[in-house]
Structure formats: C-alpha cells, structure tokens
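Down below is the structure, laid out as structure tokens.
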Amino acid sequence: MNTAPIISKVWSFCTTLRDDGVGYGDYLEQLTYLIFLKMADEYSKPPYRRQVGIPSEYSWQSLKAKRGAELEGHYIELLRALGTRPGMLGQIFTKAQNKIQDPAKLYRLIDMVDSTQWVMMGADIKGDIYEGLLEKNAEDTKSGAGQYFTPRALIKAMVECVRPEPGKTIADPACGTGGFFLAAYDFLTDPKHYSLDKTQKTFLKHETFHGNEIVANTRRLCLMNMFLHNIGEIDGESTVSPNDALVAPSHRTYDYVLANPPFGKKSAMSFTNEEGAQESDDLTYNRQDFWATTSNKQLNFVQHIRTLLKTTGKAAVVVPDNVLFEGGAGETIRRKLLKNTDFHTILRLPTGIFYRPGVKANVIFFDNREASPNPWTKAVWVYDYRTNIYHTLKKKPMRYEDLAEFIACYHPTNRHKRKETWHPEKNPEGRWRKFSYEALVARDKTSLDVFWLKDKSLTDLDNLPEPEELAEEIIENLEAGLNSFREVLAGLTAGGSQG
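448 is the number that this note's numbering gives to position 445 of the sequence shown; each next residue is one higher, with no gaps.
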C-alpha cells in the first residue's frame, strides 16, 4: 500500500491550519479525535460488527452530515459527551475541546480522514504517520511538548539492551506519548527476535503494557499512539492510568520498567492562600516502601520504579546527573540500590539530544533481587557517551547507530562476557570501564557520577566543535541557567508571600 499520499495529505493540511494559528499539538489532538471516530465507524460495520460504545447521535456519520455552524456546535457537544464514557473511549475524549474555529476547515479535515480506510491500513504505517506528527509536535518549542518526548534512538537502544521477552509485563510510570511501549512492541514482534504464538500475541495486545500519565493531553496522544500500533481495543479498558504514580504503592509488580521520568528538581504544589497570593509547597511523598523521604522528583521516581519490579524484574531509566551525586536522601538511595539490586550499568548521555535545553542525563540499568545480607552489586560498568561527543537536535541528531558500540559493550545476551575497552596504558581513551562495588561506596557521598576521559575541547584547539555547534551549546547552557534562576525566583516569591 502506498502511504506517501496519505502522509503528504496529513502534513499539508497541518500547514494550512498553522496559518490559522492552530499549532501541531492542537492539530494532533483534533486528528486523534477524528481518526478514532472514523475507526470506530469502520469497526461497527461488516466484517467486524463491533459494539464500540459510541451513541448513534455522536457517530462518524452524524459529523459527516453537518456543515457550517451546525457542524461546529455538534462537534463541541460530541467531544463533551464522549469524554464522560467509560474505558479507553472516555480517556481519549477527556477534557476534549474543538481548536478549529473555521467550520469549513473542520469539514475539510473530516473529509480527509473519511477518505482513508484506517482499520485496513497496517499498524506500522498508521503508527509511522502518528509518530511523525508526535516528533514534529515535540520540535515545536512553543508547545512545550518536547518534555514528554524521549529521543527514539535512545529508547530503541535501551530496549535492545533489556531484551524484553514475550508473556512478560512492562511498566512506565511516566509514559508520555508511549515511546517505550512502542519500541518494546516492535522488539517483541520482530521475527529476528521471536516468533509469537496466538497466546503470546493476545498477551502482547492486552496485558503487556501498563503506564501512568497525569497530563490529560499527553495521555490521550499515548493511548492513540498505542491503539494505532494495535495495542489495546477500541471498546476496551485503558491500560494508562491518569493517577500520579508516586502518590501510593502500586498494587502489582512488573517484569520490566522502562522510563524517562519528568525532569525538574522539586515536586511542588501551588495553592492560593487566604490573601489570594500564590504559595508553593514542596511535595514530599511519605511512603513506607521508600528508602528515603525527599522532595526530589527523580529520586522518588527511582525509588518507586524499584518497588514496581518483581524480584526478578529489570529496569532501564533515564535520570539527570543529580540522581548520581546528590547528598542526603540521594546517597541513601544509591547505597540501597547498590546493596539491594544488581545495579550493573550507567550510560552517560551527551547534551543536545533532549528537547529541554541543557539537560545532562544518564541511563541507569539495574535488576531487582530478593533480600540478602550481602550486596548484590559486584561492579558497575560505565559507558561514557558524553565526553567529546557533540549532538544537536536538528543538524546532528543522535542516531541509533551512534549507540551501536554501547549496545555491543553492554552484551545484552550475556552480561558476564563483558570486556572493558578502557585500559590505563593501552587505551586510556576507552569509553567502557568497570568500577568495583568497594571503590564506589568509598567515594564521597557514594557518588556514581564517574568520568575519566579528558575533555579535548579544553586542551586541543584543533578539536573544537563547529562554531554553530558551540553557539547552540552556549544557547542551551544559557537557557538551562535561566530556567534554574526562574525556579529560584519562584521559590523566593513563594517564600516571600508566606512571610
């Protein structure tokens, strides 16, 4: 099936709407509602004849039959009504609003969606169209959607290392638009890895994936993304919860957790005091199953993820640098991780790969274990893909191939066959190095923020990056600094209003 005309149609219409001030995010939402309604219509007819839970007065045909102001009014009413329905239907339409003010353009969009048989189209094709839109949306800096979008090359590499198996469960407590779920789905359905039987396929569709996403718009995009990739049912229950994952312990555990929890140092709640001024209060989660109480959101997510794992469960998590070096609760949590899990790998990531500027992050890999008097971690392997590595979002994005050496070093099929590429004499530039448990716990604050390569840009003028790369890095650092100042200012303002 030639999909180029569909993709080009979807894109060109997006450009038309942008001229009316409709951003990628709004366009993506409206497209989500309409494609879902059209697919529900297709499922209600032969050969499927399914009960899809959409009342006839709000069916696809009811939209097609109207024009002008009548269409606009009906569409607004339809969105509100479907948001009250149970299951995945209600989750996709929750808090839904019409963002296309021109009824003629709304009708053209309905007509465009109507001209395609979406159910018949391959899941990979539908998924590619939608993933493309999600990436464009993430690039639209004004929308702020980039914070919910993890680079797909990184996600694919993480899944390749963890190697999920059929018939096992996968959780993501901050699932954004569902990138980890889809990469795991692709891995599990790839004939190079597995040949799934009927039972395994059913499990994959209905039972494998479990997530949380508290932002309604992002959760909607995640559900649609999964649905278009053939995960879940149009009339089924949603496997993505709108609840804050950190508030209470999970009622179940999982085989794998793959996640990139939201960045931002503190968890805080804003509220209005009696004088009408805004106050901010650090949010700490007092959970009996946590090792330490802290308002640091990432440290709380790391603790929560450990509690989500079965005794044999495995985790791969993107975390900012402060998780590796922060004192107090941070040190307590790192010591507990090294003792109670096999905390075996750290991938140091370069800057310039996330849509939030100036972010310095890592991927930590650990396997849960049962209680033991002796520490489970014997050594931590660190791959430094940060020092002397330059990436930018547009001109030099990180590709999956860039992480091929890391995946080979990781040795996913047998971690016990790993070999260091670093050697003090033979290869001091090696990026893959092992640190013993004893050496790490002896470090100040049990810091896992370890590095050994020389930053050549500081010593060798011939190795300086291109001027535009430097300029982009300077801008990123300035923006990161500004964001930090804003957080400080917000804290001071809140403190002042309390006084």
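For every residue, glycine included, the Cβ atom is placed at its ideal position computed from N, Cα and C.
All values reported here derive from a predicted model rather than from experimental measurement.
**Prompt:** Looking only at C-alpha atoms, which of Ala364, Val305, Arg389 sits nearest to asparagine 371?
**Reply:** One-based indexing of the sequence shown puts residue 371 at position 368. The option with the nearest alpha carbon to asparagine 371 is Val305.
**Item:** Within-8 Å CB hit, proline 245 to chain C
**Value:** Of the protein chains in this structure there is only one, and it is not chain C.
**Asked** Thinking C-beta only, is serine 439 closer than 8 Å to alanine 364?
**Response** Start at 1 with the first residue of the sequence shown, and residue 364 comes out as number 361. Start at 1 with the first residue of the sequence shown, and residue 439 comes out as number 436. Going by C-beta atoms, alanine 364 is not nearer than 8 Å to serine 439.
**Request:** State the Cα-Cα distance for the pair arginine 489 and threonine 390, rounded to the nearest angstrom.
**Result:** Indexing the sequence shown from 1 puts residue 489 at position 486. Indexing the sequence shown from 1 puts residue 390 at position 387. Looking at the two C-alpha atoms, the distance is approximately 28 Å.
**Item:** Cβ-based neighbour list, asparagine 263, same chain, cut-off 6 Å, excluding 5 preceding and 5 following
**Value:** Along the sequence shown, read from residue 1 onward, the residue named residue 263 stands at position 260. So the list reads Thr153, Val321, once near-sequence residues are dropped.
**Prompt:** For arginine 309, does the count of other Cβ atoms within 10 angstroms reach 16, so buried, or fall short, so exposed?
**Reply:** If you number the sequence shown from 1, residue 309 lands on position 306. It counts as buried.
**Asked** What number of angstroms, rounded off, separates the C-alpha of serine 450 from the C-alpha of phenylalanine 368?
**Response** The count along the sequence shown starts at 1 and reaches residue 450 at position 447. The count along the sequence shown starts at 1 and reaches residue 368 at position 365. So the two alpha carbons sit approximately 16 Å from each other.
**Request:** Ignore the nearest five residues each way along the sequence and tell me which others in phenylalanine 183's own chain have a CB closer than 6 Å to its CB.
**Result:** If you number the sequence shown from 1, residue 183 lands on position 180. The answer, listed in chain order, is Ile158, Asp175, Leu261.
**Message:** Between Ile356, Leu340, Trp384, which has its C-alpha nearest histidine 347's C-alpha?
**Reply:** Here residue 347 refers to the residue found at position 344 of the sequence shown. Per the Cα distances, Trp384.
**Residue closest to aspartate 452, alpha-carbon to alpha-carbon, out of Arg52, Glu329, Ala318** = The residue labelled residue 452 in the question sits at position 449 within the sequence shown. Considering only alpha carbons, the answer is Glu329.
**Asked** Cα-Cα, which of Pro169, Pro470, Leu85 is closest to leucine 199?
**Response** The sequence position of residue 199 within the sequence shown is 196, counting from 1. Comparing Cα positions, the closest option is Pro169.
**Prompt:** Mind checking whether leucine 85 and proline 106 have CB atoms under 8 Å apart?
**Reply:** On the sequence shown, residue 85 is found 82 positions in, with the first residue counted as 1. On the sequence shown, residue 106 is found 103 positions in, with the first residue counted as 1. No, the pair does not count as a contact, with Cβ atoms beyond the cut-off.
**Asked** Rounded to a whole number of angstroms, what is the C-alpha to C-alpha distance between arginine 436 and glutamate 216?
**Response** Working through the sequence shown from its first residue, we reach residue 436 at position 433. Working through the sequence shown from its first residue, we reach residue 216 at position 213. Rounded to the nearest angstrom, the two C-alpha atoms are 36 Å apart.
**Asked** Between aspartate 324 and the rest of its own chain, which residues show a CB-CB distance below 8 Å, the 5 nearest in sequence each way excluded?
**Response** As a working note, residue 324 is residue 321 in the sequence shown. Excluding positions up to five away in sequence, the list reads Lys363, Ala364, Asn365, Asp452.
**Request:** Tell me whether arginine 351 sits in a helix, a strand or coil according to DSSP, three-state version.
**Result:** Working through the sequence shown from its first residue, we reach residue 351 at position 348. Strand at arginine 351.
**Run of the alpha helix (DSSP H) containing tryptophan 63, from where it starts to where it stops** = What you label residue 63 is simply residue 60 of the sequence shown in a count that begins at 1. It spans 63-67 - the alpha helix (DSSP H) in which tryptophan 63 sits, taken as one unbroken run.
**Request:** Output yes or no for whether 8 Å exceeds the beta carbon distance between glycine 90 and glycine 239.
**Result:** As a position in the sequence shown, residue 90 is number 87, starting the count at 1. As a position in the sequence shown, residue 239 is number 236, starting the count at 1. For glycine 90 and glycine 239, yes; Cβs fall inside 8 Å.
**Asked** Could you give the residue range of the beta strand (DSSP E) that holds glycine 214?
**Response** Stepping through the sequence shown from its first residue, residue 214 is reached at position 211. Start and end: 212-215.
**Request:** For asparagine 430, write down the residues that DSSP places opposite it in a beta bridge.
**Result:** Counting from 1 along the sequence shown, the entry for residue 430 is found at position 427. Answer is His426.
**Request:** Starting from isoleucine 367, follow the beta strand (DSSP E) in both directions and report where the run begins and ends.
**Result:** As a first step, residue 367 must be located in the sequence shown, where it is residue number 364. Run containing isoleucine 367: 364-371, per the beta strand (DSSP E) assignment.
**Message:** Let me make sure I understand the geometry here. Which of Trp294, Ile113, Asn480 has the alpha-carbon closest to that of serine 359?
**Reply:** Along the sequence shown, one-based indexing puts residue 359 at 356. Correcting the residue type first, residue 359 is arginine in the shown sequence and not serine. If we check each option's Cα against that of arginine 359, Asn480 comes out closest.
**Request:** Could you have a look at tyrosine 188 and say whether DSSP puts it in helix, strand or coil?
**Result:** To locate residue 188, count along the sequence shown from 1; it is residue 185. Note: tyrosine 188 maps to helix in three-state DSSP.
**Asked** When DSSP builds the beta bridges, which residues end up paired with leucine 312?
**Response** Looking up residue 312 in the sequence shown gives position 309. Note: leucine 312 sits in a beta bridge opposite Tyr257.
**Message:** Whether or not the region 56-73 and the region 132-142 are in contact is what I'm after, with contact meaning three or more pairs of Cβ atoms, one per stretch, closer than 8 Å; do they touch?
**Reply:** no
**Message:** Quick check: histidine 213 and tyrosine 259, are their CB atoms within less than 8 Å of each other?
**Reply:** Position 210 of the sequence shown, counting from 1, holds the residue named residue 213. Position 256 of the sequence shown, counting from 1, holds the residue named residue 259. No; because the gap between Cβ atoms is not below 8 Å, this pair is not in contact.
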